[in-house]
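Engineer:
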Amino acid sequence: MSIVAASLTAGVWAQTSAYQTADGNTSVFLNNAKASIVFNVSDVKFDAGYLHEGAGKALKYGFNPKSLEYGFDVFGKPASSLENQVFQKGNAPPSFGVLASLGYHSPFADLSTQTPKTHLRDDWALVALSYTRSTFTTVASASAEPVKQFFDGFRILPAYNVLLNLSSETGTGVILGAAAGVQRTNNVDELRPVTIDTPVLQSGAGLSPFSVVNQTSGYLGAYEKLYAAPIYTDAVVIPKLASWFDFDFFTRFNVAHVDRYEEGGLGVFIARPEEPTKVLGGLSVGWKNGAPSYAVVCGFAF
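Residue numbers (the working numbering): 1 to 302.
#1: What residue ranges within the region 117-152 form continuous beta strand (DSSP E) runs of no fewer than 3 residues, ordered along the chain?
#2: Going by C-alpha distance, which of Q149, Q215, A228, V212 is nearest Q183?
#3: Among the candidates Q114, P93, I156, V162, whose CA atom is the shortest distance from the CA of R133?
#4: Give the range of the beta strand (DSSP E) segment to which K45 is assigned.
#5: Considering just the uninterrupted stretch of the beta strand (DSSP E) at E262, what are its terminal residues?
#6: Tell me whether the beta-carbon of T21 lies closer than 9 Å to the beta-carbon of E190.
#7: Taking its Cβ as the centre, do 16 or more other Cβ atoms sit within 10 Å of S203, making it buried, or is it exposed?
#8: Count Cβ pairs between the region 33-49 and the region 287-302 that sit closer than 8 Å; are there 3 or more?
#9: Do the CB positions of A159 and S27 come within less than 9 Å of each other?
#10: Tell me the rounded alpha-carbon separation between S141 and Y223.
#11: Leaving out five residues on either side along the sequence, give the residues of the same chain with a beta carbon under 6 Å from the beta carbon of T135.
#12: Quick check on E224: does DSSP put it in helix, strand or coil?
#13: Checking 9 Å against the spacing of the C-beta atoms, do S211 and P199 come in under that value?
#14: Where does V212 fall in DSSP's three states?
#15: Can you list, in chain order, the residues of its chain whose CB lies under 7 Å from that of A291, leaving out five sequence neighbours each side?
#16: Excluding the 5 residues preceding and the 5 following L220 in the sequence, name in chain order all residues of the same chain whose CB lies nearer than 7 Å to its CB.
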């Protein structure tokens with residue numbers, strides 16, 4: 001068994017990973033130790049999570065990790081226009097959410113029967129359930145009053161990940177991820193960010209003219225709530241000779257009838273030497289509906 005495959009087998013279980021694109025989405029779920037923190041700079045979103053893994057089963061010549069697992073993440077997006085100023089993408093409102101995952105480690109892989117030529121090293125399947133809450137103000141047109149919106153979003157995302165050893169000679173490993181589900185979202189990232197001035201009072205008689213307004217950040221345009229059908233794939237290649245570099249070939253789709261998109265691209269991530277699941281950070285470049293997208297992600301595992 002290659003060094004890369006051996007180290008991956010010990011540490012790749014279900015939890016949100018740093019292999020993210022500019023929208024913060026991924027199909028690869030990793031257990032970076034027992035807890036991890038991920039910050040997607042391009043999406044201005046943080047993610048902190050913890051996973052509980054079952055004890056598995058001891059074998060005469062090794063260890064079989066087959067077991068149930070569950071975990072949770074908290075994620076949020078502070079008030080910031082960094083994504084619009086630097087990455088030239090829609091400025092989404094601040095939000096906060098939680099993610100819970102339930103899965104099974106090694107449903108098909110069996111360490112007790114593996115040999116140096118075995119290609120299937122490990123696999124894990126899970127269902128990730130997430131809820132997002134955000135509050136913002138929208139203005140449809142000059143003839144409509146500002147409306148304060150309260151948005152509750154959710155996503156149900158089944159996923160399957162598998163670790164393969166492509167060659168026992170070169171030791172090149174690959175993590176394949178596939179996820180598809182349903183999501184409730186909105187089109188706020190397509191609206192125009194604006195500042196809404198609401199008059200509070202005007203200067204009185206005999207005083208120099210002045211006015212007091214209340215300023216609120218908002219969005220101009222027709223606001224809609226939508227249902228999406230996301231499909232994500234990732235192929236993370238880890239070469240033995242440079243195991244601290246991971247190359248992520250990804251695709252992202254929304255196949256719903258409205259707000260459809262397709263995206264593909266490549267990400268380069270840096271991990272700890274001989275511990276490629278503990279991603280320290282990276283960047284990716286994609287092509288989404290004919291326009292480039294960029295992501296910068298930082299990660300830390302405990």
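A virtual CB, placed ideally from N, CA and C, is assigned to each residue, including glycine. Because the structure is a prediction, the values reported are computed rather than measured.
Structural biologist: Here's the rundown:
#1: 120-139
#2: A228
#3: P93
#4: 45-53
#5: 261-272
#6: no
#7: exposed
#8: yes
#9: yes
#10: 11 Å
#11: F150
#12: coil
#13: yes
#14: strand
#15: none
#16: V139, L191, R192, V194
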